[in-house]
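Protein chains in written order, with the numbering used here: chain A, 1405 to 1760; chain B, -10 to 58.
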């Protein structure tokens, strides 16, 4: 437990900066604008690549996601942190994942992308981040009151390998150009950094995030709950690094209008990210952190990730996902039902604090 | 000595449980955690608050002993 540089303050700042630099470079090398590293968007692209939705502009098996989880597996094995576990209200976590994704796609981005959009000058992200803080704030209130999804238990070793193996399998489908995969020819899904760069970027980011416990949701939650700014330093460094790199690479463009893969319906940017932040707070980690935990053998996090992928399917199939024109036809309904679900879970899973 | 069992709990519950004991004025207690991340989170809070503690690694968990006397 000694000698982990990334657990120090300098470490988390280094980690955030490196991830930020990589995110900006990925855009420069071909990823969609202000989407160098968006966990929700990329899981949505994977859902599309597998044919779980038929929005033909957002279909691609993103190697970045695969790289993150596989890297977390390898490093946790080396460091002796790989520990197969699960069984903590698994089905609740699945649906929290579904609604976290529905909320993210109303805003058009996960917390990672919210900060990346801010660093790219997309001021609509301010509404999203405000919503994120509100959602995490509500979640933190319940956590303080005693909200818990219960303990996990150790599980058979093989269970911990299943999610990483799934990732390796879809990676193989991509590498061997399996004819049944879907691949966007236009739109964000067609914009991608060279395949080999994407996978290496994923492996590096996964390694850094595993060692540092980088978590965008946790950065806000820890400030609200215990006034701990540790993770926040990482996220601030991440945002500043993306901003500086965007200036260097000519990718900074300030304003509310005509921002890439974004809309300016302020209320829904706020509410979409509020739903997402609330769901991430109740499940203990932002989407990036859930990938890392999945790689470390946390099968509940693995189920959350699958929930997000299924949520992306619902989102696009039922016209709940937004587009640059605005929110989808049924985006309001998805957000409202999601907020009702997360509130019911938060209330029912909050036990009265025992006196002992 | 009072024991806080934070094994198998996801973030940030181990930290919340420890903070509760501190607020309650508990002088001496031990915390059981079973993940490296929980260990780091709990010890970071203790360090920030300037508390002394010792750790003992068991086969499947770590014991953190806090002594505020």
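Just so you know, even glycine gets a beta-carbon here, dropped at the ideal spot from N, CA and C.
- Note that the C-beta distance between residue 1704 of chain A and residue 1492 of chain A is below 8 Å.
- Listed by position along chain B, the residues whose Cβ is nearer than 9 Å to that of residue 1423 of chain A form an empty set, because the closest Cβ is around 17 Å away.
- Three or more beta-carbon pairs separated by less than 8 Å are not found between the stretch 1558 to 1572 of chain A and the stretch 1503 to 1510 of chain A, which leaves the two stretches without contact.
- Judged by pairs of C-beta atoms under 8 Å, the stretch 1428 to 1441 of chain A touches the stretch 1595 to 1614 of chain A, as three or more such pairs exist.
- Across the stretch -3 to 15 of chain B, CB contacts with chain A closer than 9 Å involve -3, -2, -1, 0, 1, 2, 4, 5, 8, 9, in sequence order along the chain.
- With its beta carbon at least 8 Å from every one in chain B, residue 1460 of chain A lies outside the interface.
- Around residue 1557 of chain A, the same chain offers 1491 as residues with beta carbons nearer than 6 Å, after the five sequence neighbours per side are excluded.
- With a cutoff of 8 Å on beta-carbon distance, residue 32 of chain B and residue 53 of chain B are scored as near each other.
- Taking the CA atoms as reference points, residue 1649 of chain A sits about 23 Å from residue 1621 of chain A.
- Residue -6 of chain B is bridged by DSSP to B/21.
- Burial check for residue 1533 of chain A: the Cβ neighbour count within 10 Å reaches 16 or more, so the residue is buried.
- Around the Cβ of residue 1738 of chain A, a 10 Å sphere holds 16 or more other Cβ atoms; the residue is buried.
- Interface flag for residue 1630 of chain A against chain B is set, since a Cβ pair is found closer than 8 Å.
- Residues of the stretch 12 to 44 of chain B whose Cβ lies closer than 9 Å to any Cβ of chain A, in chain order: 23, 24, 25, 26, 28, 29, 30, 32, 33, 34, 37, 44.
- In the DSSP annotation of this structure, the continuous segment of the alpha helix (DSSP H) that includes residue 1648 of chain A starts and ends at 1634 to 1653.
- DSSP places residue 1729 of chain A in the coil class of the three-state scheme, outside both helix and strand.
- Contact annotation: residue -1 of chain B and residue 1550 of chain A have beta-carbon atoms that are not nearer than 8 Å.
- Only those residues of the stretch 1541 to 1571 of chain A whose C-beta falls short of 9 Å from the nearest C-beta of chain B are listed: 1544, 1547, 1548, 1550, 1551, 1552, 1553, 1554, 1555, 1556, 1557, 1558.
- Residue 44 of chain B: member of the beta strand (DSSP E) spanning 41 to 46, first to last residue.
- Residue contact with chain B for residue 1492 of chain A: present (Cβ-Cβ distance below 8 Å to some residue of chain B).
- Annotation: the continuous beta strand (DSSP E) that includes residue 54 of chain B extends over 51 to 56.
- By the rule that beta-carbons nearer than 8 Å mark a contact, residue 1670 of chain A does not touch chain B.
- With fewer than 16 other Cβ atoms from the protein chains shown falling within 10 Å of its own Cβ, residue 1651 of chain A counts as exposed.
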